[in-house]
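**Student:** In the numbering used here, the protein residues as written are -4 to 316. Even glycine gets a Cβ: it sits at the ideal position worked out from N, Cα and C. My structure is below; once you've seen it, I'll send some questions.
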Amino acid sequence: MEPQTPTSRRVLVAKPRGYCAGVDRAVIAVEKALEQYGAPIYVRKQIVHNTHVVKTLEARGAIFVDETEEVPEGEIVVFSAHGVSPAVHQEARQRSLRTIDATCPLVTKVHNEAKRFAAKDYDILLIGHEGHEEVEGTSGEAPEHIQLVDGLDSVDKVQVKDPSRLVWLSQTTLSVDETNETVARLKERFPSLIDPPSDDICYATQNRQTAVKEIAAESDLVIVVGSDNSSNSKRLVEVAKDYGAKASYLVDDASLIRDEWLDGVTTVGVTSGASVPEELVDGVLARLAEHGFGDVSEVEPVQESMRFSLPHELRKDLRAS
């Protein structure tokens, strides 16, 4: 075997990657709110699950809090892209807070499905990860009707009132393949289980998983840029391994790439989660170039063009000014 030369090292960059329409909308909402109303602007939870985005917005005057009770009365609070329960909206009203709801419209769709099926007295099986903000928000829409199904292991624990009035919904950022497995297992137990009217896993999650599947089979290593609390980013690591990558790691930025990961590697796949700014991917590519990975190709199995308008509360004030 000939010795490896720098020119034999290549990078396959997945596309689509990075910001989805819901994240873009939420981040711009905080930026525009800071411009329109001035600092500080309070944000309940992380606006999106990315450490660098949060630090950048903090530097501009955003204050991130865990609960609305931490926001001084009468101030402006932005609700994160992951959505909140009706109880959180009620708390905000009680504190006379001015709210900007940056919930992703695709999460709002799942909330509306939950309300609709609960009104018809269905049991709702919500497939998702316990403790995730999106799951908490959706569950809060109909807590007496919703029970969480957190992976295959919890399917056998499900108890329902009437198996003929049963529907499943899901968190929007799950692994498509794992969710399909969970649904198949649920349908073995409950053959009358109804599917949601449209797929709950969001287009961006699906597209990023499709793209990483394309590059994984040809990659010795797949680097996923994303924060550890980002569900969709962690799923990309799992999908990469499932579809042929010999190794896959999640990094917040290029500084976390370890030199030993690159030993004996000729092809590196790179992608990023739906809340990751492109500059962080650029940093990873620059780091790889320093190690001889200068041949960079984009792999785009599916095109993406979705855009969402800003929250209506903010649009109204921007128009007025």
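Using only CA atoms, which one of V297, H106, L120 lies nearest to A76?
**Tutor:** It is H106.
**Student:** Please state whether DSSP places Q204 in a helix, a strand or coil.
**Tutor:** If DSSP states are grouped into helix, strand and coil, Q204 belongs with the helices.
**Student:** Determine the direct distance from the alpha carbon of A21 to that of D190, and round the result to whole angstroms.
**Tutor:** Taking the straight line joining both Cα atoms gives about 29 Å.
**Student:** Please name the residue in D312, G268, K311, D277 whose C-alpha comes closest to that of D19.
**Tutor:** When only C-alpha atoms are compared, the closest one is G268.
**Student:** Name the two residues that bound the continuous beta strand (DSSP E) containing S300.
**Tutor:** No beta strand (DSSP E) contains S300, which DSSP labels as neither H nor E.
**Student:** Between K241 and D215, what straight-line distance do the alpha-carbon atoms span, to the nearest angstrom?
**Tutor:** Using only the alpha carbons, I get a separation of about 5 Å.
**Student:** Tell me the rounded alpha-carbon separation between Q166 and G146.
**Tutor:** Roughly 12 Å separates the two Cα atoms.
**Student:** Note the first and the last residue of the continuous beta strand (DSSP E) segment covering G264.
**Tutor:** G264 -> beta strand (DSSP E) spans 262 to 267.
**Student:** Hey, how far is the Cα of A82 from the Cα of K40?
**Tutor:** One C-alpha to the other measures close to 15 Å.
**Student:** Less than 8 Å separating the beta-carbons of V162 and R184?
**Tutor:** No. Outside cutoff.
**Student:** For the candidate residues A211, S170, N175, L164, whose alpha-carbon lies nearest to that of P192?
**Tutor:** Closest by alpha carbon: L164.
**Student:** Considering only residues of the same chain and omitting the five flanking positions on each side of P1, which have a CB-CB separation below 6 Å?
**Tutor:** At P1, the pLDDT of 44 sits below 50, so the modelled position is not reliable; the number obtained from the coordinates is stated separately. Excluding residues within five positions, the ones whose Cβ falls inside 6 Å are G287.
**Student:** For V297 and N202, which I take to be in contact (beta-carbon distance under 8 Å), what is that distance rounded to the nearest angstrom?
**Tutor:** Contact flag correct, Cβ pair sits at about 5 Å.
**Student:** If you pair each beta-carbon of the region 168 to 186 with each one of the region 119 to 134, do three or more pairs fall below 8 Å?
**Tutor:** The region 168 to 186 is in contact with the region 119 to 134.
**Student:** Taking the beta strand (DSSP E) that S134 falls in, what are its first and last residues?
**Tutor:** From DSSP, S134 is part of no beta strand (DSSP E) but of the alpha helix (DSSP H) over 128 to 134.
**Student:** Taking all protein chains shown into account, do 16 or more other C-beta atoms lie within 10 angstroms of the C-beta of E(-3), making it buried, or fewer, making it exposed?
**Tutor:** The predicted position of E(-3) is uncertain, since its pLDDT is 41 and thus under 50; no value can be drawn from it.
**Student:** In three-state DSSP terms, what is Q142?
**Tutor:** Looking at Q142 - three-state DSSP - the assignment turns out to be strand.
**Student:** So for Y319, helix, strand or coil by DSSP?
**Tutor:** Any question about residue 319 goes unanswered here, given that the chain covers just -4 to 316.
**Student:** In the region 155 to 241, which residue ranges form an unbroken alpha helix (DSSP H) of at least 4 residues, counting only runs that do not cross its ends?
**Tutor:** Listed in chain order, they are 171 to 184, 198 to 211, 226 to 237.
**Student:** Quick check on V60: buried or exposed, where buried means 16 or more other Cβ atoms within 10 Å of its Cβ?
**Tutor:** Classification of V60: exposed, given that the 10 Å Cβ count is below 16.
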